[in-house]
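Following: one structure in structure tokens, then a few remarks.
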Amino acid sequence: MSYGDQRREPTFSGAMHKLSKEVTNVSKKLASDDTYRTVKDKAQAAMAQDTVGKAVIKATSHEHGPPKEKHVQTLLSAVKDPTTNMPELLAGLFQRIHDKDATVVLKGLMVFHRLFRDSPPSARIYSKVLPNINEFRIGSKFLDDSSHESMQASQMVRTYALYMEEKLCALRVTRFEYDKASTELTSRINTLKPSDLMADLKAVIPQLEAGYKCTIREQSVIHPTAVAAFSLIFKDIRVLYQTLNKGVLSLLENYFSTSKPEASKILSLYKEYLTQTRKVGGIFNDAKELLGQSPIELNTPPESFQRSLEQYLEADDDEPMPSRAQQEEAWQKVPVVPLEDLIGDFGDLDVEQQQKTTTGDPTLDDFFATLDEPPKAAPKQAAPAASPPFRTQSAPAAKSNGEIDVFGSLDSAFEPNPFADPNPFASAAPAG
Numbered sequence: 006m007s008y009g010d011q012r013r014e015p016t017f018s019g020a021m022h023k024l025s026k027e028v029t030n031v032s033k034k035l036a037s038d039d040t041y042r043t044v045k046d047k048a049q050a051a052m053a054q055d056t057v058g059k060a061v062i063k064a065t066s067h068e069h070g071p072p073k074e075k076h077v078q079t080l081l082s083a084v085k086d087p088t089t090n091m092p093e094l095l096a097g098l099f100q101r102i103h104d105k106d107a108t109v110v111l112k113g114l115m116v117f118h119r120l121f122r123d124s125p126p127s128a129r130i131y132s133k134v135l136p137n138i139n140e141f142r143i144g145s146k147f148l149d150d151s152s153h154e155s156m157q158a159s160q161m162v163r164t165y166a167l168y169m170e171e172k173l174c175a176l177r178v179t180r181f182e183y184d185k186a187s188t189e190l191t192s193r194i195n196t197l198k199p200s201d202l203m204a205d206l207k208a209v210i211p212q213l214e215a216g217y218k219c220t221i222r223e224q225s226v227i228h229p230t231a232v233a234a235f236s237l238i239f240k241d242i243r244v245l246y247q248t249l250n251k252g253v254l255s256l257l258e259n260y261f262s263t264s265k266p267e268a269s270k271i272l273s274l275y276k277e278y279l280t281q282t283r284k285v286g287g288i289f290n291d292a293k294e295l296l297g298q299s300p301i302e303l304n305t306p307p308e309s310f311q312r313s314l315e316q317y318l319e320a321d322d323d324e325p326m327p328s329r330a331q332q333e334e335a336w337q338k339v340p341v342v343p344l345e346d347l348i349g350d351f352g353d354l355d356v357e358q359q360q361k362t363t364t365g366d367p368t369l370d371d372f373f374a375t376l377d378e379p380p381k382a383a384p385k386q387a388a389p390a391a392s393p394p395f396r397t398q399s400a401p402a403a404k405s406n407g408e409i410d411v412f413g414s415l416d417s418a419f420e421p422n423p424f425a426d427p428n429p430f431a432s433a434a435p436a437g
């Protein structure tokens with residue numbers, strides 16, 4: 006018998022490779038099995054030592070759809086409680102957003118989103134999360150390939166994580182929540198100095214740009230958890246765009262009586278506003294298809310209005326200024342979209358509850374107005390069983406007057422964003 010006719014005996018390494026492939030296939034099959042996922046969630050919740058730990062697991066379970074409201078409310082109550090072990094709570098949530106399952110990660114991001122939106126200012130949730138902003142850099146290569154549906158949801162994971170990072174970056178610069186509708190928002194736009202208002206509006210534009218990337222309407226399979234995540238993002242975007250709309254209108258009111266260097270900056274921001282108006286239409290189209298949102302027609306001023314702004318910069322200083330009537334006629338051509346028109350019916354998708362108005366409530370102090378106050382002594386807490394798997398921020402730096410600057414001490418937590426290119430997810434997006 007020739008050598009070629011002899012059967013090769015299986016080697017040990019070949020047998021191990023075959024076994025590894027079988028284990029991988031079984032693992033993927035189990036990971037895509039709803040019963041297995043449910044059992045896994047229940048087992049993890051049972052092993053949690055306290056109510057908060059159980060709520061973290063249950064709010065970010067493998068079950069498709071938004072986090073269950075009762076578990077989110079448990080976490081919101083915990084955030085308000087000064088005796089809660091916040092490092093342990095945040096460590097649990099950070100662990101969930103670094104899971105390999107797209108549903109778990111999306112729900113973890115949504116829980117963070119809800120804590121940001123619905124926690125009272127006195128909870129100081131932002132000051133606790135900002136030092137660990139790098140935890141939201143999940144990466145452009147995240148991919149859950151356990152099923153086709155999960156692969157589609159992976160795209161939302163990547164874009165949602167980038168959006169949350171930009172949301173925190175904008176807040177760090179502005180020290181104000183421009184994506185939350187309130188009476189304070191309108192008052193701030195009307196009272197800020199033009200230079201400060203322009204700086205704030207420029208700071209929130211990257212958050213808008215990140216929100217535009219969170220589109221799922223054209224995917225072949227729409228993941229229900231991704232729809233719930235999009236709903237939260239859309240609620241931010243509509244208020245952010247309204248902020249930009251009203252802010253630009255406020256700056257244009259005195260455009261023709263502003264110095265030309267300042268007017269040039271306003272004109273540049275106005276052109277950026279026109280660009281954002283064209284882009285935001287896609288988000289409203291997505292909301293119409295996915296959430297049943299009523300269509301919004303966003304009109305732009307005629308080109309003659311922009312030309313009148315440019316002529317003011319080109320004119321010689323000794324030329325007569327436009328009359329007040331001409332000024333009012335010019336800037337009133339800029340359309341402002343009423344905020345109530347941007348708030349539609351979300352049907353049966355109960356993603357979040359409307360936040361109660363806290364205006365005038367003495368028990369809820371303004372977080373951003375007290376950033377520079379020395380922190381109060383916190384009650385003694387039991388040390389967590391394990392050290393949190395995220396960055397521990399050093400003590401805030403003291404100013405020359407002895408006060409504490411919380412945001413100023415966070416500069417070291419911000420590194421250049423490697424995913425900030427125009428289309429960082431093209432190579433990782435699964436084929437539709």
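Numbering (this note's numbering), first residue to last: 6 to 437. Note that CB positions come from ideal geometry on N, CA and C, so glycine has one too.
**Asked** Between residue 229 and residue 67, which are expected to be in contact by the criterion C-beta below 8 Å, what is the C-beta distance as a whole number of angstroms?
**Response** Numbered from its first residue, the sequence shown carries residue 229 at position 224. Numbered from its first residue, the sequence shown carries residue 67 at position 62. Their Cβ separation, rounded to whole angstroms, is 12 Å, which puts residue 229 and residue 67 out of contact at 8 Å.
**Request:** Verify whether the separation of the beta carbon atoms of residue 183 and residue 245 is less than 8 Å.
**Result:** By one-based count along the sequence shown, residue 183 stands at place 178. By one-based count along the sequence shown, residue 245 stands at place 240. Contact: yes.
**Prompt:** Can residue 117 and residue 148 be called in contact, C-beta distance under 8 Å?
**Reply:** Position 112 of the sequence shown, counted from the first residue, corresponds to residue 117. Position 143 of the sequence shown, counted from the first residue, corresponds to residue 148. Going by C-beta atoms, residue 117 is not nearer than 8 Å to residue 148.
**Message:** Between which two residues does the alpha helix (DSSP H) holding residue 238 run?
**Reply:** Position 233 of the sequence shown, counted from the start, is the residue given in the question as residue 238. Here the alpha helix (DSSP H) through residue 238 covers 229 to 257.
**Request:** Could you give the DSSP three-state label for residue 147: helix, strand or coil?
**Result:** Here residue 147 corresponds to residue number 142 of the sequence shown, with the count starting at 1. Residue state, collapsed to three classes: coil.
**Request:** Use the C-beta contact count for residue 18: other C-beta atoms within 10 angstroms, 16 or more gives buried, fewer gives exposed.
**Result:** For the purposes of this step, residue 18 is taken as residue 13 along the sequence shown, with counting starting at 1. Exposed, since its Cβ has fewer than 16 Cβ neighbours within 10 Å.
**Message:** At the level of alpha carbons, what is the spacing between residue 273 and residue 259?
**Reply:** For the purposes of this step, residue 273 is taken as residue 268 along the sequence shown, with counting starting at 1. For the purposes of this step, residue 259 is taken as residue 254 along the sequence shown, with counting starting at 1. If I take the Cα positions, the gap works out to 15 Å.
**Item:** Proximity below 8 Å, CB of residue 168 to CB of residue 238
**Value:** Locating residue 168 in the sequence shown gives position 163, where the first residue counts as 1. Locating residue 238 in the sequence shown gives position 233, where the first residue counts as 1. Going by C-beta atoms, residue 168 is nearer than 8 Å to residue 238.
**Asked** Expressed to the nearest angstrom, what Euclidean distance is found between the alpha-carbon atoms of residue 222 and residue 261?
**Response** On the sequence shown, position 217 is the one that residue 222 refers to. On the sequence shown, position 256 is the one that residue 261 refers to. Rounded to whole angstroms, residue 222 to residue 261 spans 43 Å at the Cα level.
**Prompt:** Closest to residue 243 by CA distance: which of 106, 125 and 298 is it?
**Reply:** Numbered from 1 along the sequence shown, position 238 holds the residue referred to as residue 243. For residue 243, the nearest C-alpha among the options comes from 298.
**Request:** Quick one: grab the DSSP three-state call for residue 118.
**Result:** The sequence position of residue 118 within the sequence shown is 113, counting from 1. If DSSP states are grouped into helix, strand and coil, residue 118 belongs with the helices.
**Prompt:** If you compare alpha carbons, which of 300, 203, 16 and 123 is closest to residue 179?
**Reply:** Taking the first residue of the sequence shown as 1, we reach residue 179 at position 174. Taking only the C-alpha atoms, the option nearest residue 179 is 203.
**Request:** Specify the secondary structure class of residue 158 as computed by DSSP and reduced to three states.
**Result:** Translated into the one-based positions of the sequence shown, residue 158 becomes position 153. Helix.
**Asked** So does the segment 263 to 270 actually touch the segment 199 to 213, counting three or more Cβ pairs closer than 8 Å?
**Response** yes
**Request:** Look at the alpha carbon of residue 103 and the alpha carbon of residue 288, and state the distance between them as a whole number of angstroms.
**Result:** One-based indexing of the sequence shown puts residue 103 at position 98. One-based indexing of the sequence shown puts residue 288 at position 283. Spanning the two alpha carbons is a distance of roughly 27 Å.
**Prompt:** Of the residues 319, 90 and 120, which one's Cα is nearest the Cα of residue 265?
**Reply:** What you label residue 265 is simply residue 260 of the sequence shown in a count that begins at 1. Closest option to residue 265, Cα to Cα, is 319.
**Request:** Taking 8 Å as the cut-off, decide whether the C-beta atoms of residue 233 and residue 159 are in contact.
**Result:** Mapped onto the sequence shown, residue 233 falls at position 228. Mapped onto the sequence shown, residue 159 falls at position 154. No, the pair does not count as a contact, with Cβ atoms beyond the cut-off.
**Message:** Taking contact to mean 3 or more Cβ pairs, one atom from each stretch, closer than 8 Å, check whether the segment 206 to 223 and the segment 137 to 154 are in contact.
**Reply:** no
**Message:** Just to confirm, is the Cβ distance from residue 166 to residue 143 under 8 Å?
**Reply:** Against the sequence shown, residue 166 aligns to sequence position 161. Against the sequence shown, residue 143 aligns to sequence position 138. Yes. Within cutoff.
**Asked** Between residue 210 and residue 281, is the Cβ-Cβ spacing less than 8 Å?
**Response** For this step, residue 210 is matched to residue 205 along the sequence shown. For this step, residue 281 is matched to residue 276 along the sequence shown. Yes, these two residues count as a Cβ contact at 8 Å.
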